[in-house]
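Only one structure is covered here, and it is reproduced in the block below.
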Amino acid sequence: MPELPEVETSRRGISPHLIGKKVEQVILRHTQLRWKIPQDLFKHLHNAPLISIDRRAKYLLLNFSSGTLLIHLGMSGSLRICPLNTPHQKHDHVDLIFENTVLRFTDPRRFGAVLWLGLNPESSPLLNKLGPEPLCEDFNGRYLHQAAQKRKLPVKQFIMDQKVVTGVGNIYATEALFTTGINPNRAAGCISQKRYQLLADTIKEILQQAIQQGGTTLKDFVGSDGKPGYFQQTLHIYGKAGQNCPQCQTPLKAVKLAARNSVYCPKCQR
DNA sequence: AAATTCTCCTGAAGGC
DNA sequence: TGCCTTCAGGAGAATT
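If you want it as structure tokens, here you go:
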């Protein structure tokens, strides 16, 4: 599934093909995604060059001179650059047809979103309550420790809360807690600033590594030969419940936290 | 305010 | 082989 590094890789992959160009046509094949895609999308995009593409959390923000288009990949979404007139396949819900190239949005499970935010996107309800980006410097141990004061929920849920820090999904939360040796069940408010410092550093490191890896797959975002392969990063324990801990050989346990599967080592993670 | 549960959807996996 | 059931999961919305 697209995690933050995949979204960032998508951003870097599509940007050079689209910046400075205008949308000449919009094709909406299926508009019922997480939210309904506005039918009058083309009205906003018409004759307005794409100035830049930003990423906030796992949202892609396509900044046109007329306003900002938000794209969210959800669980199964992907973006691809195709030549004009590339035949569409099942789940290819949206085409933004630029001057000589097509940005195609594909999403089998339709948890994604395509929304028009207009000018002043920062004030949109989707963006204005988000916490800091995990890769910026105001995300650190001091911040986490402060934000966790008196919070009793499990730390895994805490770091997956978009108001606390953005873009840390199930995979990275699971892996970062393992690397840091923190039990995902531990109450957020009962963790020292020192351990939070380690956790914040670990999250940054894992995300940055994945983004670097993603660079090698950029070519996959161009072309019509299937969807881009999300890169397989090395996962230590995610999805490996029942197998032995790579550190101490103790069988890894699984718990459900907020309806999300969580794997941890009962010995290494306290 | 904080915590928990619900919701959208499809494809993959498991059972018989 | 095939049909049915179950489940995963991002994250906002609804509920407690």
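Residue numbers (my numbering): 18 to 287.
Ideal Cβ positions, reconstructed from N, Cα and C, are used throughout, including at glycine.
These numbers were taken from a predicted model, which means no experiment stands behind them.
If residue i and residue j are in contact, beta carbons under 8 Å, what's the gap, nearest whole angstrom?
| i | j | result |
| --- | --- | --- |
| asparagine 187 | arginine 277 | 5 Å |
| threonine 183 | alanine 74 | 3 Å |
| glycine 129 | leucine 50 | 5 Å |
| lysine 38 | leucine 67 | 6 Å |
| arginine 97 | glutamate 25 | The pair is not a contact, with the Cβ atoms about 16 Å apart (cut-off 8 Å). |
Can you tell me whether DSSP reads residue i as helix, strand or coil?
| i | result |
| --- | --- |
| tyrosine 76 | strand |
| tyrosine 213 | helix |
| proline 151 | coil |
| lysine 257 | coil |
| isoleucine 228 | helix |
| lysine 270 | strand |
| glycine 84 | strand |
| lysine 244 | The predicted model places lysine 244 with a pLDDT of 47, which falls under 50 and marks its position as unreliable; any figure quoted below should be read in that light. Coil at lysine 244, not helix or strand. |
| serine 93 | coil |
| serine 140 | helix |
| lysine 284 | coil |
Taking the alpha-carbon of residue i as reference, which of the options has the nearest alpha-carbon?
| i | options | result |
| --- | --- | --- |
| methionine 18 | Leu101, Ser83, Val280, Ser93 | Ser93 |
| leucine 79 | Glu20, Met177, Ser32 | Ser32 |
| cysteine 265 | Ile254, Lys169, Leu62 | Ile254 |
| alanine 205 | Lys60, Arg287, Thr103 | Arg287 |
| glutamine 3 | Glu139, Thr191, Leu21, Pro66 | For residue 3 there is no data in the structure shown, the boundaries of the chain being 18 and 287. |
| valine 185 | Cys282, Gln225, Asp124, Ser209 | Gln225 |
| glutamine 166 | Arg127, Val24, Ser209, Lys257 | Ser209 |
| arginine 46 | Thr267, Thr123, Pro100 | Thr123 |
| alanine 227 | Leu252, Leu215, Cys207 | Leu252 |
| glycine 14 | His61, Ile70, Gln56 | A question about residue 14 goes unanswered here, because the residues of the chain that appear run from 18 up to 287. |
#### Entry: Entirely enclosed beta strand (DSSP E) segments - the stretch 95 to 130, minimum 3 residues
95 to 99, 109 to 115, 119 to 123
### Query
Is the number of C-beta pairs between the stretch 87 to 97 and the stretch 196 to 212 that are closer than 8 Å three or more?
no
### Task
Give, in chain order, every unbroken run of the alpha helix (DSSP H) that is at least 4 residues long and sits entirely within the stretch 153 to 203.
158 to 164, 172 to 177, 187 to 197
### Task
Please specify which runs of the beta strand (DSSP E), each continuous and at least 3 residues long, are wholly inside the stretch 21 to 79, giving them in chain order.
40 to 45, 67 to 73
### Query
Three or more C-beta pairs closer than 8 Å, one from the stretch 170 to 181 and one from the stretch 109 to 121: is that the case here?
no
### Query
Touch check for the stretch 142 to 160 and the stretch 214 to 224: three-plus C-beta pairs under 8 Å?
yes
### Message
So, does the stretch 126 to 140 touch the stretch 67 to 85, judging by three or more C-beta pairs under 8 Å?
### Response
yes
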